[in-house]
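Numbering (the numbering used here), first residue to last: 20 to 174. A quick write-up on the structure given underneath.
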């Protein structure tokens, strides 16, 4: 496979072929450039990755909605996802692609469950637990990754 340029700045850059990422840096301590290139990479791959998780989530949860919601993605600082019931829209944080699949799946299903209840009430959590029986473990894993992302490279 051919490496495709995602971002490049002189001798520094990032390339990706669908399986491998090549990060070229002049100085590993240049945190600003590292963050810029990683953000470009996440921006490049996130739509396809999150769309696949969203479609799988919809297939599991379509009994919760009248029609398939619209998926939007973006970089968010404090939330992994949001559900806008009135707009029939789910917004997922592009940073989710840095997490294990079971965490992404839990966030997606969580947002679909808001079509049953806007709030994090008993009805909401009962519905969510029906779809994700190991929710407690996944939430623990999600919190671990939140700390790692916060304490590592913050994008």
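C-beta atoms are modelled at their ideal positions from N, C-alpha and C, and glycine is treated no differently.
Asked                                                                                                                             : Found
Neighbour-count burial assignment, residue 125, 16 or more Cβ in a 10 Å radius                                                    : buried
Residue burial classification, residue 119 (beta-carbon count within 10 angstroms, cutoff 16)                                     : exposed
Strand pairing of residue 110, partner residues [DSSP]                                                                            : 91 and 101
Cβ pair residue 116, residue 33 closer than 7 Å                                                                                   : no
Among 99, 149, 143 and 129, the one whose alpha carbon lies nearest that of residue 65                                            : 99
Spatially closest choice to residue 29 from 80, 46 and 87, by CA coordinates                                                      : 46
Cβ distance (whole Å) where residue 242 is taken to contact residue 86 below 8 Å                                                  : What the structure shows of the chain is the stretch from 20 to 174, and residue 242 is not part of that stretch, so it cannot be assessed.
Residue 43 - partner residues in DSSP beta bridges                                                                                : 32
Span of the alpha helix (DSSP H) around residue 60                                                                                : 50 to 80
Straight-line Cα distance separating residue 48 from residue 132                                                                  : 43 Å
Separation of residue 128 from residue 151, as counted between CA atoms                                                           : 8 Å
Distance between residue 67 and residue 37 (C-alpha atoms, nearest Å)                                                             : 11 Å
Beta-carbon contacts of residue 147 that lie in its chain and below 7 Å, excluding the five residues immediately before and after : 128, 129, 132 and 154
Nearest candidate by alpha-carbon position, reference residue 26, set 59, 52, 39 and 51                                           : 59
Residue from 88, 149 and 165 whose Cα sits closest to the Cα of residue 114                                                       : 165
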